[in-house]
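For the sequence shown, the numbering used here gives the first residue as 11, with consecutive numbering after it. Ideal Cβ placement from N, Cα and C applies to all residues, glycine included.
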Amino acid sequence: MDILIKALHSQGHTVTVVHGLECDFATAVLKDKDLMKTLKESQYDLVLTDPAWGTGVDFYELLQGADLWLMRVDFVFEFPRPTMPNVIYMGGFQCKPAKPLPQELEEFAQSSGEHGVIIMSLGTFVTEFPHDIADVIAAAFAQLPQKVIWRHKGDRPATLGNNTLLVDWMPQNDLLGHPKTKLFVAHGGTNGLYEAIYHGIPVVGLPLFSDQYDNLLRLKERGGAKLLSLATVDKNNNFLEALQEVLDEPSYRMNMQRLSRLHRDVPMEPLDTALFWIEFVMRHKGTGE
Numbered sequence: 011m012d013i014l015i016k017a018l019h020s021q022g023h024t025v026t027v028v029h030g031l032e033c034d035f036a037t038a039v040l041k042d043k044d045l046m047k048t049l050k051e052s053q054y055d056l057v058l059t060d061p062a063w064g065t066g067v068d069f070y071e072l073l074q075g076a077d078l079w080l081m082r083v084d085f086v087f088e089f090p091r092p093t094m095p096n097v098i099y100m101g102g103f104q105c106k107p108a109k110p111l112p113q114e115l116e117e118f119a120q121s122s123g124e125h126g127v128i129i130m131s132l133g134t135f136v137t138e139f140p141h142d143i144a145d146v147i148a149a150a151f152a153q154l155p156q157k158v159i160w161r162h163k164g165d166r167p168a169t170l171g172n173n174t175l176l177v178d179w180m181p182q183n184d185l186l187g188h189p190k191t192k193l194f195v196a197h198g199g200t201n202g203l204y205e206a207i208y209h210g211i212p213v214v215g216l217p218l219f220s221d222q223y224d225n226l227l228r229l230k231e232r233g234g235a236k237l238l239s240l241a242t243v244d245k246n247n248n249f250l251e252a253l254q255e256v257l258d259e260p261s262y263r264m265n266m267q268r269l270s271r272l273h274r275d276v277p278m279e280p281l282d283t284a285l286f287w288i289e290f291v292m293r294h295k296g297t298g299e
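Shown next, in the form of structure tokens:
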């Protein structure tokens, strides 16, 4: 949401962000698995709030009283659902045209020739793997003619090929928008998948937790992704076969490019839509409901 907050600031608005209390006490409570299990199994109406809100604030009342809901959803990617007039969809609001790559990455991408580049990132929370899984992934990449840019920390996999570049960080949106990029190996996070849709890049998905499996299922249903489990990437060369299938079968890229055209062909950019409706609520002191 940092992009949206900066956009509001640029238009002269003051923004108050409500977030979880970041202190040793809250961290200790959340990390106490036994306590959290007890709370979940009990029917307590317990909410941790910032002291500024006082003791009479109910988190659910705050949600129910909201005049406007901004949802990171685009029905190009989403399934039909019942909705209310004060729900505004802004899926892909963070997506933007690619910027030039740093020189090292640009030279590496250009060295791929006609085969192109694969990029792999499993998000900010997962940057390294158990050695056996990392070796399987690296060995699969080594058998491909494409170059690979892999966001990976930790020990260098023993099976790493000369075609693979390990990086601590990557300009993901800019790489997805690069003309040499052919495939995105991803965990299925919402931001990454919308960037893949925006740039029309097919996906091999390795979901880990939360909404990632559901996100990748939606993309698979639209013919833009191949879905695997990180726990079984070493079974019968299924990771290598998934990479080859998505690279060699034109329908994956064609389907993603179609989703990209639909996602981009809108009367107003998602971020501008969000800004308009936020300011609408400000002008009218609510949505009138």
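Through-space distance from residue j to residue i, alpha-carbon basis
i: residue 190; j: residue 257; result: 13 Å
i: residue 233; j: residue 241; result: 23 Å
i: residue 202; j: residue 167; result: 25 Å
i: residue 141; j: residue 183; result: 28 Å
i: residue 175; j: residue 129; result: 10 Å
i: residue 229; j: residue 111; result: 27 Å
i: residue 205; j: residue 198; result: 11 Å
i: residue 143; j: residue 244; result: 7 Å
i: residue 212; j: residue 156; result: 15 Å
i: residue 92; j: residue 132; result: 31 Å
Endpoints, alpha helix (DSSP H) assigned at residue i
i: residue 287; result: 280-294
i: residue 245; result: That residue, residue 245, is in no alpha helix (DSSP H); it is neither H nor E in DSSP.
i: residue 216; result: Looking at the DSSP string, residue 216 is not in any alpha helix (DSSP H), and its letter there is neither H nor E.
i: residue 151; result: 141-152
i: residue 230; result: 222-231
Bounding residues of the beta strand (DSSP E) (the contiguous stretch that carries residue i)
i: residue 211; result: Note, residue 211: premise wrong, no beta strand (DSSP E); not H, not E.
i: residue 161; result: 157-161
i: residue 236; result: 235-237
i: residue 175; result: 174-177
Coarse secondary structure for residue i, derived from DSSP in three states
i: residue 35; result: Reliability fails at residue 35, whose pLDDT of 47 lies under 50, so the model's placement of it is uncertain and the value that follows must be treated cautiously. Helix at residue 35.
i: residue 300; result: The displayed coordinates of the chain run from 11 to 299. Any statement about residue 300 would go beyond what the structure contains.
i: residue 266; result: helix
i: residue 276; result: coil
i: residue 78; result: coil
i: residue 23; result: coil
Residue i burial status per 10 Å Cβ neighbour count (16 or more: buried)
i: residue 294; result: exposed
i: residue 109; result: exposed
i: residue 220; result: exposed
i: residue 72; result: exposed
i: residue 75; result: exposed
i: residue 23; result: exposed
For this session: Kindly provide the ranges of any beta strand (DSSP E) runs that are 3 or more residues long and lie completely inside the stretch 93-138, ordered along the chain.
Result: 97-99 and 127-131
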